[in-house]
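The block underneath contains the structure these notes are about, expressed in structure tokens.
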């Protein structure tokens, strides 16, 4: 059992869906205390289930059986009431507005066992472990391009970025967007959706432009990294 302290937030209500998602955020505020004040203020109407400080301390804000208010408006694989279907974890980080920086080792070391317990409890699949920017690409950037998704992937706590057997299927931009929607993203703001995909799976270049590398990565994700399937898809 992961050790934590309790700082209850009043900002929750009842779930209407079973838990099937885990959503990771950054706080985007200047300090951990400022974030905690906001997440526990009834005036803010926002919360999360957990907050992890940069020193690795974990705070429980809302019981998992309740619907915390962390995801807001969004969409993932047909789910629109993301708060009802998810557990939300906030990682203390100033974010892009206040001096975005890498997530320190104590924080990541605390996150991993907490995620492991949550994923085991609810049977959450790797494809449903997402960032806030994945489920709300037009509004959010967190946890951002400096978050170590690959470390989580090595522990089977996230989907890995494909590197082998990458084949460009030469989809049109419209075809890519349809494939991106099939994978899970809301494509109503196309450039934002592409940038969110890049932030998650190709963080070195966040230009919102669909290119061969993006197409190849998405194809590999959709085919499970199967080289033969990728070639068949390319050949039509």
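In full-length UniProt numbering, the protein residues as written are 1 to 236. Ideal Cβ positions, reconstructed from N, Cα and C, are used throughout, including at glycine.
Check                                                                                                                                                                                                             : Outcome
Is the CB-CB distance between residue 127 and residue 184 below 8 Å?                                                                                                                                              : yes
For residue 236, count neighbouring Cβ atoms within 10 angstroms of its own Cβ and tell me buried if that reaches 16, exposed if not.                                                                             : Residue placement at residue 236 is poorly supported in this model, since its pLDDT is 49, which falls under 50; the coordinates are not used for a value here.
Report the residue ranges of all alpha helix (DSSP H) runs contained in full by the UniProt domain "N-acetylmuramoyl-L-alanine amidase" (9-144); include only those spanning at least 4 residues, in chain order. : 32-40, 82-85, 95-98, 105-122, 132-135
Bridge partners for residue 6 per DSSP, in chain order?                                                                                                                                                           : 60
Can you give the Cα-Cα distance for residue 103 and residue 116, rounded to whole angstroms?                                                                                                                      : 18 Å
Residue 196 by DSSP, collapsed to three states: which one?                                                                                                                                                        : helix
Taking the CB atoms as reference points, tell me whether residue 166 and residue 216 lie closer together than 8 Å.                                                                                                : yes
With DSSP as the reference, label residue 184 as helix, strand or coil.                                                                                                                                           : coil
So, with DSSP's three-state summary, where would you put residue 166?                                                                                                                                             : coil
Report the three-state DSSP secondary structure of residue 174 (helix, strand or coil).                                                                                                                           : helix
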